[in-house]
Amino acid sequence: MAVRFDTSNSFLNDRAAKLLTYLQEPTLRLISGGIFLQRIILSIVEPPFFWDAFVQGFQSGALNPNAIRSFAWLIFELISLPKAQGVKYCNFVKKSALDVQLLNSADYDVRQLGQKIKHNLSIHEAGTTGLEENGPGGRHDNDFQNIREISIMPTPDEVLATERPFIRLSQAIEAATGAQRVEMFIDNQFRLLREDMLGDIREEWQNITGTKKAAYHKGITIENLEFASIECPDPKSRQPWTMHFRCTAPLGPLAKLSSEKRQKYLKDNKNFLRHQSLACLIMDGTLIGFPAFRRDENLLSEKLPTIVLQIIEDSTFSRLLSKLKSAASIKLVQLDTAVFAYEPILHRLQEIKDLSLSEELICWDKNSQLNRPPCFLEEVISGIKRLSGRDIRQFLNISKSGAIVLDSSQADSLISALSMRLSLIQGPPGK
Numbered sequence: 147m148a149v150r151f152d153t154s155n156s157f158l159n160d161r162a163a164k165l166l167t168y169l170q171e172p173t174l175r176l177i178s179g180g181i182f183l184q185r186i187i188l189s190i191v192e193p194p195f196f197w198d199a200f201v202q203g204f205q206s207g208a209l210n211p212n213a214i215r216s217f218a219w220l221i222f223e224l225i226s227l228p229k230a231q232g233v234k235y236c237n238f239v240k241k242s243a244l245d246v247q248l249l250n251s252a253d254y255d256v257r258q259l260g261q262k263i264k265h266n267l268s269i270h271e272a273g274t275t276g277l278e279e280n281g282p283g284g285r286h287d288n289d290f291q292n293i294r295e296i297s298i299m300p301t302p303d304e305v306l307a308t309e310r311p312f313i314r315l316s317q318a319i320e321a322a323t324g325a326q327r328v329e330m331f332i333d334n335q336f337r338l339l340r341e342d343m344l345g346d347i348r349e350e351w352q353n354i355t356g357t358k359k360a361a362y363h364k365g366i367t368i369e370n371l372e373f374a375s376i377e378c379p380d381p382k383s384r385q386p387w388t389m390h391f392r393c394t395a396p397l398g399p400l401a402k403l404s405s406e407k408r409q410k411y412l413k414d415n416k417n418f419l420r421h422q423s424l425a426c427l428i429m430d431g432t433l434i435g436f437p438a439f440r441r442d443e444n445l446l447s448e449k450l451p452t453i454v455l456q457i458i459e460d461s462t463f464s465r466l467l468s469k470l471k472s473a474a475s476i477k478l479v480q481l482d483t484a485v486f487a488y489e490p491i492l493h494r495l496q497e498i499k500d501l502s503l504s505e506e507l508i509c510w511d512k513n514s515q516l517n518r519p520p521c522f523l524e525e526v527i528s529g530i531k532r533l534s535g536r537d538i539r540q541f542l543n544i545s546k547s548g549a550i551v552l553d554s555s556q557a558d559s560l561i562s563a564l565s566m567r568l569s570l571i572q573g574p575p576g577k
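Using this note's numbering, the first residue of the sequence shown is number 147, and each one after it goes up by one.
Have a look at this one:
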């Protein structure tokens, strides 16, 4: 009754938001396996006087940031209810496009909840009853069930995310069979390698923001940049968008050099703003994205250099444009992460649909029959067996001084290698 007594915007922004914030306490979810919290939430929204007012307040822009965060949390809880209770809220959220509005919020916490809502709605559409516990998808705007939908380059929300990434345990892969096990293996290899890359980027970001103490950051920092121009690529070239930013002061090591010496310095020091290296683009203290340097030595050798950035991801480009007009400060920090070493392998993992020798390498068990190679040299194998302990040079058509005599273990190893598509020969060094 208390939440329906007053449904004004002032009540929603103050006491209602505080109540919903209190209900987000994690220990409440532990009572009766979450049923207690579900009862409270349903009591708040049914009958829907409070819910209708809350939706109208959000859609009219009357809610403050705390109330919007509480509203996003309430939506997530409602669509996560058991199917019979949550289905009408799933349908309402999709019809009203509330998830889209939350995803476009400037508030990081709201966007994170928006991603969880979007993921839960996709599972609802697929006909399942709820989220797989700690499964893939929904943690941020670049977390998907299908690795082929994941952008290789990270997004700002992904770097800022604190929730543990989805990585399968080896037991889960071993429990699967056939094609499912192969797909899970490729999926896990992609996620593991990408997390290795992201770990370096997150560590550098923590160093930049001061959340982690570091003795030294290798990359150069350029502050007080000004937008200069934008270079639109030819659609046929498949090149990324390029943006030019002008420095308002000379760059550190180039500041006291003449024009000729600046050009020589740039030619001799290729790691200075290295071509295709990544940078953090920060506007008014907010991380916008991770563009790559396009090293133009002519522009960099000017007294007030121009920095050329390639915008690799479309999402970064749209965020940059929306912030550019009102940004009071533009800052660029070069990263030292070797993304170029990860990127081609990650792309290849996304493209793989069939893995060579998967039956032997991934799906093998003690009852499996090992397959013969496409070219089975039966005569050679029979000859090696027949000549065990004797010189086999003539049989193998090898002209070499000195006899080639295999002992029993060497003969068995060679026969195994010639008889199966995959074999492992292990032994001490030497002839």
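We put the beta carbon where it would ideally sit given N, CA and C, even for glycine.
Taking the Cβ atoms as the reference, Val-454 lies roughly 19 Å from Arg-465, outside the contact range of under 8 Å. For Met-389, the three-state secondary structure derived from DSSP is strand.
The beta-carbon distance between Asn-155 and Gly-232, rounded to whole angstroms, is 27 Å. This is too long to meet the 8 Å contact definition. Lys-477 is bridged by DSSP to Ile-428. Minimum Cα-Cα distance from Glu-309 among the listed residues Ile-186, Ile-457, Lys-262 and Pro-211 corresponds to Lys-262. For Val-551, there is no enclosing beta strand (DSSP E), as DSSP gives it neither H nor E.
Distance from the Cα of Asn-237 is smallest, within the candidate group Leu-209, Arg-327, Ser-268 and Leu-249, for Ser-268. Under the three-state reduction of DSSP, Ala-325 is assigned to helix. Looking at the DSSP output, Thr-367 sits in a beta bridge with Val-479. Taken atom to atom, the span from the alpha-carbon of Asp-198 to that of Val-149 is near 12 Å.
For Leu-495, the closest alpha carbon among the candidates Ile-368, Ile-332 and Ile-354 is that of Ile-332. In the structure shown, Asp-255 adopts helical secondary structure according to DSSP, grouped into three states.
Three or more beta-carbon pairs separated by less than 8 Å are not found between the stretch 298-307 and the stretch 505-512, which leaves the two stretches without contact. Relative to the Cα of Leu-220, the nearest Cα in the group Leu-244, Arg-327, Arg-408 and Gly-356 belongs to Leu-244.
Contact between the stretch 289-296 and the stretch 343-356 is absent: fewer than 3 CB-CB pairs across the two stretches fall below 8 Å. Distance from the CA of Thr-462 to the CA of Phe-222, rounded to the nearest whole angstrom, comes to 26 Å.
Straight through space, the alpha carbons of Gly-548 and Glu-489 are spaced by roughly 49 Å.
In this structure the stretch 419-432 touches the stretch 466-480; the number of beta carbon pairs closer than 8 Å is three or more. Per DSSP, reduced to three states, the secondary structure at Phe-522 is coil, with no helix or strand assignment. Linking Phe-312 to Pro-172 through their CA atoms gives a straight-line distance of about 21 Å. If you look at Phe-196, you'll find it in the alpha helix (DSSP H) that goes 195-205. In terms of Cβ geometry, Arg-392 and Glu-372 form a close pair [threshold 8 Å].
Within the stretch 283-359, the runs of alpha helix (DSSP H) at least 4 residues long that lie entirely inside it are, in chain order, 302-306, 316-321 and 324-355.
In this structure, the CA atom of Leu-169 is about 12 Å from the CA atom of Leu-176.
The beta carbons of Leu-478 and Ile-368 sit closer together than 8 Å. For Thr-173, there is no enclosing beta strand (DSSP E), as DSSP marks it with neither H nor E. In the DSSP assignment, Ser-375 is bridged to His-390. CA-to-CA, the gap between Tyr-235 and Asp-160 works out to about 24 Å. Taking 8 Å as the cut-off, the Cβ atoms of Ile-538 and Ile-561 do not count as close.
Ile-190: member of the alpha helix (DSSP H) spanning 181-191, first to last residue. No Cβ-Cβ contact shorter than 8 Å links Glu-350 with Leu-166.
A check of alpha carbon separations from Ala-557 across Arg-567, Ile-527, Met-566 and Ile-544 identifies Ile-527 as the nearest. Put simply, the backbone Cα of Pro-193 is about 50 Å away from that of Lys-499.
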